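> Shown below is the structure under consideration.
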Amino acid sequence: PLSPPLPREIRARQSDCIYKLFHHGDFATFEIFIVDADDDGKPQAGVTIEGPIASAKVGEMNYKTGERTWDTTPKEGESASRQTNGKTKLGALLQDWIVTWPTQVRKSHNKFQEKGIIHHSFHIDYTNTAELEDSIESRADLTRKKNEVLLEQHRKLVAQRQEKYSGNENVDDEEYEEEDTRKIQRVMPDWVGPYEWTKPIKNGGWYRMCVQADNYISVEMDIRSSADLGGVNPKTWHVYTHDEREVLDEEARILELEASGLLAEQAEAKSLAEELDKALKNQVEGYDLESTRKLMTEVNRLVAQVNQKQQEVHKRIKVHMDGAERNHKRILRSGLIETVLYLVITLFQVYTVHKWLLGSNMLGR
Numbered sequence: 021p022l023s024p025p026l027p028r029e030i031r032a033r034q035s036d037c038i039y040k041l042f043h044h045g046d047f048a049t050f051e052i053f054i055v056d057a058d059d060d061g062k063p064q065a066g067v068t069i070e071g072p073i074a075s076a077k078v079g080e081m082n083y084k085t086g087e088r089t090w091d092t093t094p095k096e097g098e099s100a101s102r103q104t105n106g107k108t109k110l111g112a113l114l115q116d117w118i119v120t121w122p123t124q125v126r127k128s129h130n131k132f133q134e135k136g137i138i139h140h141s142f143h144i145d146y147t148n149t150a151e152l153e154d155s156i157e158s159r160a161d162l163t164r165k166k167n168e169v170l171l172e173q174h175r176k177l178v179a180q181r182q183e184k185y186s187g188n189e190n191v192d193d194e195e196y197e198e199e200d201t202r203k204i205q206r207v208m209p210d211w212v213g214p215y216e217w218t219k220p221i222k223n224g225g226w227y228r229m230c231v232q233a234d235n236y237i238s239v240e241m242d243i244r245s246s247a248d249l250g251g252v253n254p255k256t257w258h259v260y261t262h263d264e265r266e267v268l269d270e271e272a273r274i275l276e277l278e279a280s281g282l283l284a285e286q287a288e289a290k291s292l293a294e295e296l297d298k299a300l301k302n303q304v305e306g307y308d309l310e311s312t313r314k315l316m317t318e319v320n321r322l323v324a325q326v327n328q329k330q331q332e333v334h335k336r337i338k339v340h341m342d343g344a345e346r347n348h349k350r351i352l353r354s355g356l357i358e359t360v361l362y363l364v365i366t367l368f369q370v371y372t373v374h375k376w377l378l379g380s381n382m383l384g385r
């Protein structure tokens, strides 16, 4: 089952990667949000999105065991731990492909467009995000600014998609350019929340997102597939989030209940529904049922919005508290250092004056 991302801890000068299998025509959304950092560090990290690092054939599902494996001929000198009944484990196979990935990228130097290779890197920094939000006069201003930015992004994306695809999901004409590794993009979000990057998949296979930390960080990472979550949100042009998918599924469930004549929120038994229909016969008109359905749909959307707002507020409070705590500890350390330096300078001055006075008394004698 699909589930929202959970925080992952990455130690200083370490990296962590997550992987996802895509097929031709899928849309992939890569999401990252730095939740916390250590006292001496900053909520920032390097991010690399790349693929296909392995063939889509790697990881065929064995429905009997529930494991992903791929029939292959054992390699010479391969350890027994990598084999399971003549099949190579998924992790071992991916590792083999990962080792050869840098070589494949170099060989495909001028063939990114032809092979649909994605190799996108950027540096994300949440250090000043909380302060930026604090500098805005009110939450209404922030909301308006956020909506304006999203609206402008939406307009541009819609224009691009309409120009390229005319309403379909043909990705053959999508641009896959090799980036200049000497110029790393720096991303500084304007508000506290996940950063998302979406790209159509031209070449099916395994894709990954890796996060490199200079200091300890707690980060939420996720890769979403349009095939798993039912497409792309037309308002954001990112793959539907897990919460958005739940809302759509709930609305579909309400419509299904309406179509089947079971308007109870939970149809526990068919007999109970039939008895209820008999009791309400000639008492409930069609427009009453329609208004009830619309009300249930509206309540469902409101509940989803409240949950989303609660999550956003929780993340915002967490980031602000962590930032305030780091600043507080930095102020304490700075104050302690200044105090020590003041004492050292004062003692040195007292010692110098005392020594000078003793020298003056000896000269007077």
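In the working numbering, the protein residues as written are 21 to 385. Glycine included, each C-beta is placed from N, C-alpha and C at the ideal position. None of these values were measured; they are calculated from a predicted model.
1) Can you tell me where the beta strand (DSSP E) holding Asp145 begins and where it ends?
2) Using only the alpha-carbon positions, how far apart do Ala74 and Val55 sit?
3) From the DSSP output, in three-state form, read off Pro122 for me.
4) From the DSSP output, in three-state form, read off Ser354 for me.
5) Is it right to say Tyr227 is buried, meaning 16 or more other beta carbons lie within 10 angstroms of its own, or is it exposed?
6) Contact check, Ile243 vs Phe50 under 8 Å by CB: the rounded distance?
7) Does DSSP classify Ala48 as helix, strand or coil?
8) Check the DSSP bridge columns for Phe42 and list the partner residues they point to.
9) Going straight from the alpha carbon of Tyr39 to that of Asp59, what length do you get?
10) Quick one: give me the first and last residue of the beta strand (DSSP E) that Glu240 is part of.
11) When the Cα atoms are used, what is the spatial distance from Glu198 to Ile138?
12) Just curious, the alpha helix (DSSP H) that Lys219 is in, first and last residue?
13) Looking only at its own chain, which residues have a Cβ that is under 6 Å from the Cβ of Pro27, when we skip the five neighbours before and after it?
14) Which class does Arg33 belong to by DSSP, given the choice of helix, strand or coil?
15) Is Asn223 near Pro122, with beta carbons less than 7 Å apart?
16) Could you name the residues of the same chain whose beta carbon sits closer than 7 Å to that of Thr317, not counting the 5 residues immediately before and after it, in chain order?
17) Bridge partners of Glu70, per DSSP?
18) With distances taken between CB atoms, is the gap from Val333 to Val231 smaller than 7 Å?
19) Quick one: grab the DSSP three-state call for Ile204.
20) Mapping the DSSP letters down to three states, classify Val252 as helix, strand or coil.
21) Put Asp116 into one of helix, strand or coil per three-state DSSP.
22) Please classify Asp46 as buried or exposed, where buried requires at least 16 neighbouring CB atoms within 10 angstroms.
23) What's the C-alpha gap between Lys135 and Cys37?
24) Return the residue from the list Asn130, Leu378, Ser141, Asn148 that minimises the CA-CA distance to Asp210.
25) So Phe42 packs on Gly213, CB below 8 Å; how close in whole Å?
On the basis of the data shown:
1) Counting along the chain, the beta strand (DSSP E) containing Asp145 begins and ends at 138–145.
2) Val55 has its alpha-carbon roughly 30 Å from the corresponding atom of Ala74.
3) It is helical.
4) Three-state DSSP puts Ser354 in a helix.
5) Around the beta carbon of Tyr227, 16 or more other beta carbons sit within 10 angstroms, so the residue counts as buried.
6) Confirmed, about 6 Å.
7) Assigned with DSSP and collapsed to three states, Ala48 falls in strand.
8) Phe42 pairs with Gly225.
9) Looking at the two C-alpha atoms, the distance is approximately 30 Å.
10) DSSP places Glu240 in the uninterrupted beta strand (DSSP E) bounded by 237–245.
11) Within the model, the alpha-carbon separation for Glu198 versus Ile138 is close to 8 Å.
12) For Lys219, no alpha helix (DSSP H) encloses it; the enclosing beta strand (DSSP E) starts and ends at 215–220.
13) Close CB contacts of Pro27 within its chain, under the 6 Å cut and outside five residues either way in sequence, are with Val55, Ser238, Glu240 (chain order).
14) Note: Arg33 maps to coil in three-state DSSP.
15) In this structure, Pro122 does not lie closer than 7 Å to Asn223 by Cβ.
16) So the qualifying residues of the chain are Glu271, Ile274.
17) His139, Arg228.
18) In this structure, the beta-carbon distance from Val333 to Val231 does not fall below 7 Å.
19) The answer is coil: DSSP assigns Ile204 none of H, G, I, E or B.
20) Assigned with DSSP and collapsed to three states, Val252 falls in strand.
21) The answer is helix: DSSP assigns Asp116 an H, G or I state.
22) Asp46 counts as buried, since at least 16 other C-beta atoms from the protein chains shown sit within 10 angstroms of its C-beta.
23) Approximately 23 Å between the Cα atoms of the pair.
24) Among Asn130, Leu378, Ser141, Asn148, the Cα nearest to that of Asp210 belongs to Asn148.
25) No, Phe42 and Gly213 are not in contact; Cβ-Cβ is about 25 Å, not under 8 Å.
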